[in-house]
Every structure is written in C-alpha cells, then in structure tokens.
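In terms of the working numbering, the sequence shown is numbered consecutively and its last residue is 257.
Down below is the structure, laid out as structure tokens.
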Amino acid sequence: MAFSLPLRRLALEVLDLVFPPRCSACEVPGDSPFCAVCAETLLPVPAGCPVCGVPQDESLLPALKPRRCPHCRAHPPRFALASAPYLHGGALADAIHRLKYEKREDLGAALAVLFEACAVLQSDVLVPIPLHPRRLRLRGYDQARLLADGAAKWFRLPVVPLLRRVRETGQQVGRDRTSRERSVRGAFATTGEVLGARICLIDDVLTTGATASAAADALLIAGAARVEVRTLARAP
Ligand SMILES: [Zn+2]
Ligand SMILES: [Zn+2]
22 MAFSLPLRRL ALEVLDLVFP PRCSACEVPG DSPFCAVCAE TLLPVPAGCP VCGVPQDESL
82 LPALKPRRCP HCRAHPPRFA LASAPYLHGG ALADAIHRLK YEKREDLGAA LAVLFEACAV
142 LQSDVLVPIP LHPRRLRLRG YDQARLLADG AAKWFRLPVV PLLRRVRETG QQVGRDRTSR
202 ERSVRGAFAT TGEVLGARIC LIDDVLTTGA TASAAADALL IAGAARVEVR TLARAP
C-alpha cells in the first residue's frame with residue numbers, strides 16, 4: 022500500500038514518539054548517534070601517518086609530504102590507506118563496546134553515520150572484515166557487516182562480502198603487534214571474484230592494523246587492484 026507523503030511523515034513522527042532516537046552511549050532520548058554531552062568526548066583523529074593513520078608529533082610531519090610512521094616504513098601494511106574519523110575512546114568506545122558485546126545490533130546503523138566524516142574513498146565496493154563463523158554464531162550478527170550496510174548509504178557503494186575467516190584468531194586485545202601479525206596471517210580467504218577491484222574494507226576499530234593488513238593481503242593475492250580501510254575509530 023502506498024502512503025501519501027503527509028501520512029508517511031505522520032507515521033515517522035509517531036514512530037519517533039514510540040521509539041525516540043537515543044544516544045548510542047548513554048541512552049538519553051532525543052539525539053543520535055550521540056547526545057551533546059557524549060559528543061563532546063569524540064576526538065577527531067589528529068594528523069598522522071599517511072598510510073596507517075597513527076597520530077604523530079605534528080612538528081615531525083612536513084606539511085606537504087607527511088612521512089610514513091616507523092612501522093609502515095619497516096613493514097608496510099598490505100592496504101594502501103587506513104583512515105578513521107575519531108580516536109577510540111570516550112562515548113565512541115562505549116558505543117562500540119555495546120554494539121559488539123551487548124547485543125545492540127541496532128547501533129550499527131546509528132554509528133555508521135560517523136563514516137560521513139571519513140576521508141573520501143577511491144573504491145568501487147565495501148567489504149566488511151568478517152568474524153569467524155563460530156564467533157558469528159555466538160554473537161548472532163557481524164558488527165562489521167552492519168557498519169558496512171550503514172556506510173553504503175554515505176559512500177553510495179555496494180556492500181559485497183568478499184571475505185571469510187578461515188581460521189580463528191582468538192582475542193586480539195592485549196596482544197602486541199608482532200603477536201597480532203602472527204595470529205592473523207592467512208586468517209582470510211576470498212569468496213568471490215575480486216580481480217581488478219578497488220576495495221574498501223570496513224571494520225569498527227583499527228588498532229595495529231594487523232587484521233586489516235591480513236584481510237587486504239587475501240584480496241590482493243586474489244587480484245584486487247587496491248585495498249583501503251575505513252573504521253569508526255582508531256587506537257590513539
Ligand atoms: Zn550520551
Ligand atoms: Zn603508519
């Protein structure tokens with residue numbers, strides 16, 4: 022049944038009254054993704070490494086040609102560029118925790134609005150960095166897929182799940198970079214045709230970039246032309 026425009030608007034207003042938008046961190050009604058108080062805690066990512074985005078001392082960053090960080094010079098990641106709008110902390114860290122561990126899959130769409138502040142993409146498709154199927158069964162949903170579906174609206178690109186995790190990598194929290202790199206090596210395989218594709222990986226948080234680099238590696242080996250990464254947040 023087709024609703025007239027005024028009727029549709031009325032329906033949306035009633036829906037807002039019954040389920041008012043709420044802050045993704047503190048649940049105050051009225052604002053989404055964050056209330057004014059929580060929005061104050063968002064920290065835009067400062068200038069940093071042009072590849073992995075790790076914040077760097079600005080005095081060491083020549084204005085015209087920022088230098089790659091020491092790690093990207095010694096061990097270049099497989100992705101061309103990783104960028105996030107905000108540092109991982111404050112209300113954003115709380116909201117991401119709720120999305121991942123408190124069954125708040127509704128926050129995927131709400132938080133995806135933050136991709137609006139991301140660097141412009143040079144990609145044709147969005148590919149979520151997937152959970153292992155066992156973890157997906159336990160959680161019931163894949164937060165990176167929810168974020169990618171939301172990001173698709175901002176970037177006007179299709180979401181194509183071209184990756185699967187073929188190996189469980191366990192908890193990454195608390196591991197150092199070397200241990201993370203070792204644990205995710207060969208953890209991904211492609212599930213579709215990627216030859217020549219320019220791909221943007223989507224995930225919630227970029228920490229060392231080891232997982233994103235392993236995912237990019239699988240895509241590049243299968244023939245992808247370029248892989249970049251966008252996350253909601255990056256480790257400070
Ligand atoms: Zn709030
Ligand atoms: Zn770097």
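From the three backbone atoms N, C-alpha and C, an ideal C-beta is built for every residue, glycine too.
Since the model is a prediction, treat every value here as computed from it, not as a measurement.
Same chain only: Cβ atoms within 7 angstroms of residue i, ignoring 5 sequence neighbours per side
| i | result |
| --- | --- |
| Asp115 | Ala46 |
| Val43 | According to the sequence displayed, residue 43 carries Arg and not Val. Contacts found: Val49, Pro50, Ser53. |
| Ser144 | Leu178, Arg219, Ile220, Cys221, Glu249 |
| Val75 | Gly69, Cys90 |
| Cys59 | Cys44, Ala46, Cys47, Ala112 |
| Ala173 | Leu147, Pro179, Val180 |
Own chain partners of residue i with C-beta closer than 8 angstroms, once the 5 adjacent residues on each side are dropped
| i | result |
| --- | --- |
| Arg155 | Glu189 |
| Arg201 | Gln193, Thr228, Thr229, Ala231, Thr232 |
Rounded distance between the beta-carbons of residue j and residue i, thought under 8 angstroms
| i | j | result |
| --- | --- | --- |
| Leu135 | Tyr162 | With a Cβ gap of about 19 angstroms, Leu135 and Tyr162 do not count as contacting. |
| Leu147 | Val180 | 5 angstroms |
| Thr211 | Ala239 | 6 angstroms |
| His109 | Arg255 | 6 angstroms |
| Leu253 | Asp225 | 5 angstroms |
| Ala133 | Leu168 | 5 angstroms |
| Pro149 | Ile242 | About 19 angstroms; that fails the 8 angstroms criterion. |
| Ser234 | Pro98 | 4 angstroms |
| Ala105 | Cys73 | Ala105 to Cys73, Cβ: 10 angstroms. No contact. |
Residue i in three-state terms, based on DSSP
| i | result |
| --- | --- |
| Arg155 | helix |
| Gly110 | coil |
| Val226 | strand |
| Cys90 | coil |
| Val11 | Because the chain in this structure spans residues 22 to 257, residue 11 falls outside the shown range and cannot be described. |
| Ala235 | helix |
| Met220 | Strictly speaking, residue 220 in this sequence is Ile, with Met absent from that position. Note: Ile220 maps to strand in three-state DSSP. |
| Pro76 | strand |
| Pro149 | strand |
| Arg251 | strand |
| Ala116 | helix |
| Leu241 | helix |
| Arg41 | The sequence shown places Pro at residue 41, rather than the Arg named in the question. DSSP places Pro41 in coil when its eight states are reduced to three. |
| Thr211 | strand |
| Pro27 | helix |
Beta-carbon contacts of residue i that lie in its chain and below 6 angstroms, excluding the five residues immediately before and after
| i | result |
| --- | --- |
| Arg247 | Ala101, Arg219 |
| Thr62 | Gly111, Ala112 |
| Glu137 | Trp175 |
| Arg198 | Thr229 |
* Near ligand 2, which residues have their beta-carbon closer than 6 angstroms to a heavy atom? -> Cys70, Val72, Cys73, Val75, Arg89, Cys90, His92, Cys93
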